[in-house]
Amino acid sequence: MKKILIIGGAIIVIFAALIFVTNYQNQQQAEGNPFGLDTLEQETIDQLDDPNYENIILPDELERRLAAGEDATVYFYSGQCQYCNETTPVIVPMAEEMGVDLELYNILEFEQGWNTFAIEGTPTVIHFEDGEEEARVEGGQEPAVYEQFFEQVND
5 MKKILIIGGA
15 IIVIFAALIF
25 VTNYQNQQQA
35 EGNPFGLDTL
45 EQETIDQLDD
55 PNYENIILPD
65 ELERRLAAGE
75 DATVYFYSGQ
85 CQYCNETTPV
95 IVPMAEEMGV
105 DLELYNILEF
115 EQGWNTFAIE
125 GTPTVIHFED
135 GEEEARVEGG
145 QEPAVYEQFF
155 EQVND
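For the sequence shown, the working numbering gives the first residue as 5, with consecutive numbering after it.
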């Protein structure tokens with residue numbers, strides 16, 4: 005009976021150590037992140053080194069620019085969204101090739117974006133002109149739909 009208690013205790017200690025190490029590693033990876041947050045969701049941490057997720061925009065910056073009447077094309081995404089994970093590697097390079105400054109808004113980390121921008125689902129791309137919404141594409145679409153959208157906002 006003592007052996008079972010010792011083995012059980014050892015297993016609990018090992019699991020506790022694994023949880024501690026994992027949390028510590030995630031904190032280290034989240035430190036100095038471009039989102040300015042102390043903690044990040046694991047899906048966001050996994051994207052930190054991905055070049056497709058470099059051109060981020062923070063909520064305060066977007067709201068400031070829109071209030072100033074500036075133009076912006078913003079991609080609202082979540083690392084937990086399967087369609088976002090499929091769409092991002094297609095549209096980010098496409099936008100760059102077409103000369104569209106596509107800025108990425110991480111709605112997983114900044115949930116206020118759901119209400120502020122009436123996002124019904126991700127992925128969503130919205131083009132703002134003079135601080136007002138001009139056009140939007142919602143949901144995972146075929147590449148041709150995004151290409152047409154980027155051509156429209158580039159005119």
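In this text, a Cβ means the ideal position worked out from N, Cα and C, and glycines have one as well.
**Request:** Mind listing, in chain order, the continuous beta strand (DSSP E) runs of no fewer than 3 residues lying wholly within the region 29–96?
**Result:** Correct list: 76–81.
**Request:** Could you name the residues of the same chain whose beta carbon sits closer than 6 Å to that of I95, not counting the 5 residues immediately before and after it, in chain order?
**Result:** Excluding residues up to 5 positions away in sequence, Y150 lie with their Cβ nearer than 6 Å to the Cβ of I95 in the same chain.
**Prompt:** Taking 8 Å as the CB-CB cut-off, is E100 touching chain B?
**Reply:** Of the protein chains in this structure there is only one, and it is not chain B.
**Prompt:** If we call anything under 8 Å between Cβ atoms a contact, is Y87 one with P55?
**Reply:** Contact: no.
**When F154, F39, G12 and M5 are compared against M98, the one with the closest alpha-carbon** = Considering only alpha carbons, the answer is F154.
**Asked** Since L106 contacts Y57 with CB under 8 Å, what's their CB separation in whole angstroms?
**Response** Contact check for L106 and Y57: beta-carbon distance about 11 Å, past the 8 Å limit, so the pair fails to qualify.
**Which listed residue (L22, A72, E100 and R68) has its alpha carbon closest to that of Y79** = In terms of CA proximity to Y79, E100 leads the group L22, A72, E100 and R68.
**Request:** Tell me V149's beta-bridge partners as DSSP assigns them.
**Result:** Paired residue(s): none; V149 is not in a bridge.
**Asked** Rounded to a whole number of angstroms, what is the C-alpha to C-alpha distance between N158 and I15?
**Response** Each residue's CA atom was taken as its position, placing N158 and I15 some 59 Å apart.
**Asked** Cβ of E138 within 8 Å of Cβ of F132?
**Response** Yes, these two residues count as a Cβ contact at 8 Å.
**Request:** To the nearest angstrom, report how far apart E67 and E74 are at their CA atoms.
**Result:** One alpha carbon belongs to E67, the other to E74, and they sit about 10 Å apart.
**Request:** Reducing DSSP to helix, strand and coil, say where I10 ends up.
**Result:** Three-state DSSP puts I10 in a helix.
**Request:** Determine the contact status of L44 and E136, defining contact as a CB-CB distance below 8 Å.
**Result:** For the 8 Å CB-CB criterion, L44 and E136 do not form a contact.
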